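Everything in the sequence shown is counted per the numbering used here, starting at -8 for the first residue and increasing by one.
Ideal placement from N, C-alpha and C gives every residue a C-beta, glycine not left out.
On a predicted model such as this, the values are computed, not experimentally measured, just so you know.
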Amino acid sequence: RDAPEELRAWQEARTGLPIIDAAMRQLLETGWMHNRLRMVVAMFLTKNLLIDWREGERFFMRHLIDGDLASNNGGWQWSSSTGTDSAPYFRIFNPLSQSERFDPEGVFIKRWLPELADMNKKQIHDPSSIGDLFGAADYPKPIVDLSKSRARALAAFKALPARQPAAGVEHG
-8 RDAPEELRAW QEARTGLPII DAAMRQLLET GWMHNRLRMV VAMFLTKNLL IDWREGERFF
52 MRHLIDGDLA SNNGGWQWSS STGTDSAPYF RIFNPLSQSE RFDPEGVFIK RWLPELADMN
112 KKQIHDPSSI GDLFGAADYP KPIVDLSKSR ARALAAFKAL PARQPAAGVE HG
C-alpha cells in the first residue's frame, strides 16, 4: 500500500502510539532498538499500516548501528508474515498491549517522549483515550484505529491467492 504520509509519520515517530514513537525516537537518536520493539514497530508498519516491509527494512538499515542484512531482512519478513519462516499472518502485535506488558510503568515511553512525562501509568500507553481536554497537547492523535487496521490486515491476507506448488516438485 502506498501511504507516504503514514510511512513518514512512522519514520519520524509521529504515529500517536507511544510505544511505537518511543521506539522510533530511540532508533533515530541511538541507532539501536530492542528486538521486541523491532518486532512491534515492524508489525505495526506492515500490518496495521499495510506498508511494504521493504520500506521498513531500508529505513532500519540506514539507521541501525547493528544492522546486518540477513538478520534485518529475516526480521522484517518474519514480522510481516512474508518470509519462508515467518510469523502466522494472523499474529498482529497490539502496540497498546505490548506497551502495557513490557513497559507497565511507562518508564521507557517517558524517557523517549518527554511530552508525556506527566501522564500516569494507565494514560501513558494511550493518551488519546483521555480526550483532548486532558491529553497531551504536543502529542499527535493515532494515525490509525488499531481494531480497524487489524481487521483490514486480516482481510488483506485472507484475500491473497493460495500458494501453488512449484512445477515439477512433488509434495507428500
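Span of the alpha helix (DSSP H), counted from its first residue to its last, around Pro9: From DSSP, the alpha helix (DSSP H) with Pro9 extends over 9 to 21.
Integer-rounded CB distance, given that Phe35 should sit under 8 Å from Pro86: Going by Cβ atoms, the distance from Pro86 to Phe35 rounds to 6 Å, so yes, they are a contact pair.
Beta-carbon proximity check, Ala(-6) vs Leu40, cutoff 8 Å: One thing to note: Ala(-6) has its Cβ within 8 Å of the Cβ of Leu40.
Simplified DSSP assignment, three categories, for Ser119: Here Ser119 sits in helix by DSSP.
Check whether Gly97 and Ile115 have beta carbons under 8 Å apart: With respect to the 8 Å criterion, Gly97 and Ile115 are classified as neighbours on the basis of their beta carbons.
Beta-carbon gap between Ala33 and Met15 smaller than 8 Å: Their beta carbons are not under 8 Å apart, which means Ala33 does not touch Met15 by this criterion.
Terminal residues of the alpha helix (DSSP H) in which Lys139 lies: Where Lys139 is concerned, the enclosing alpha helix (DSSP H) starts and stops at 137 to 149.
heavy atom of the ligand PLP below 7 Å from Ala150 C-beta: What this structure holds is no ligand at all, so the ligand PLP is not there to describe.
Chain-order list of residues whose beta-carbon lies under 6 Å from that of Gly7 (same chain, five-residue window excluded): Leaving aside the five residues that flank Gly7 on each side, the residues in its chain whose CB is nearer than 6 Å to its CB run, in chain order, Pro131, Lys132, Pro133, Ile134.
C-alpha gap between Leu105 and His25, whole angstroms: Going by the sequence as given, residue 105 is Pro instead of Leu. Their backbone Cα atoms lie some 20 Å apart in a straight line.
Where Ala61 sits in the DSSP three-state scheme: In the structure shown, Ala61 falls within a helical segment according to DSSP collapsed to helix, strand and coil.
Cβ-Cβ separation, Ile83 to Lys139 (assumed contact under 8 Å), whole Å: The C-beta distance from Lys139 to Ile83 rounds to 12 Å, too long to fall under 8 Å, and the pair is not in contact.
CB of Arg103 within 8 Å of CB of Ser71, strictly: Residue 103 is actually Trp in this sequence, not Arg. No. Outside cutoff.
Where Met24 sits in the DSSP three-state scheme: In the three-state DSSP reduction, Met24 falls in the coil class, being neither helix nor strand.
Glu46 - DSSP class collapsed to helix/strand/coil: The DSSP-derived three-state label of Glu46 is helix.
Exposed unless 16 or more other CB atoms sit within 10 angstroms - verdict on Leu18: Around the CB of Leu18, 16 or more other CB atoms lie within 10 Å, so the residue is classed as buried.
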